[in-house]
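Notes follow the structure.
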Amino acid sequence: MKKYVFLLAVVFCCRLAYAENLEKFLNSFSDKTGVEKVKIGPLVMKTSGIFTETKGISSIEILDLSECQDDVKENFRNGLRTIKDSKYEPLLVVKDDNEMVRILIRTKKDVIQELVIATYDEEDMVLIRIKGKIKPKDVEKIIEENR
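Its first residue numbered 250, the sequence shown is counted upward by one per residue in our numbering.
Have a look at this one:
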């Protein structure tokens with residue numbers, strides 16, 4: 250019995266070692282040649298919150314891989330298809346030929362802590378990461394106002 254428990258623990262640990270999380274995935278692409286990275290931090294978000302509807306959003310990060318070499322783009326595509334992170338749950342996944350949109354959310358007590366939108370087609374690849382404390386009713390309100 251001890252052998253089986255030990256074997257199960259080893260298999261579980263190996264699986265965790267191979268499962269790449271979202272943070273590592275993003276960091277692996279942020280320094281590649283051709284990647285355009287824009288990060289709007291908490292200070293800017295707080296000051297712009299006075300003038301715009303940025304309720305609960307503390308930072309926005311955008312990675313644009315459209316100008317990268319083909320091998321970097323292919324690694325990004327493959328990573329988006331296979332990435333597993335238990336902290337995030339898929340909100341929406343749309344696949345159509347060579348196009349994909351994937352929206353992931355990380356929640357805590359019914360509040361969205363992070364929203365990740367990744368999209369690609371044959372040419373363009375963009376990942377948007379929004380952090381904060383966003384109430385689902387605020388998201389619904391913005392969607393309704395922009396229909």
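A virtual CB, placed ideally from N, CA and C, is assigned to each residue, including glycine.
None of the values given here were measured: they were computed from a predicted structure.
Rounded to whole angstroms, what is the Cα-Cα separation between residue i and residue j?
i	j	result
D319	G283	11 angstroms
K295	N270	28 angstroms
Y267	I391	Per-residue confidence for Y267 stands at a pLDDT of 37, beneath the threshold of 50, marking its modelled position as unreliable; no derived number is given.
M349	V293	31 angstroms
K322	P339	22 angstroms
S277	K286	13 angstroms
E272	G328	12 angstroms
E394	V342	24 angstroms
F274	I311	14 angstroms
Give me the residue from the options with the minimum Cα distance to residue i.
i	options	result
M374	E394, N347 and K382	N347
P385	D334, K322, Q362 and V287	Q362
G381	C317, K357 and T368	K357
Y369	E310, I306, N324 and K273	N324
V388	L275, I289 and V360	V360
E372	E272, D313 and L353	D313
K281	R326, E316 and V342	E316
Taking 7 angstroms as the threshold (C-beta atoms), are residue j and residue i in contact?
i	j	result
I366	I377	yes
P291	S308	yes
K336	R355	yes
I289	I379	no
Give a single yes or no on whether residue i has its beta carbon closer than 6 angstroms to a heavy atom of the ligand ADP.
i	result
E285	The ligand content of the structure shown is nil, which means the ligand ADP is not present either.
Just grab the DSSP bridge partners of residue i for me.
i	result
I391	Answer is none; I391 lacks a bridge partner.
Report task. Scan the stretch 291-368 and note each continuous alpha helix (DSSP H) run of 4 residues or more that stays entirely inside, going in chain order. Result -> Whole alpha helix (DSSP H) segments, 4+ residues: 291-297 and 319-331.
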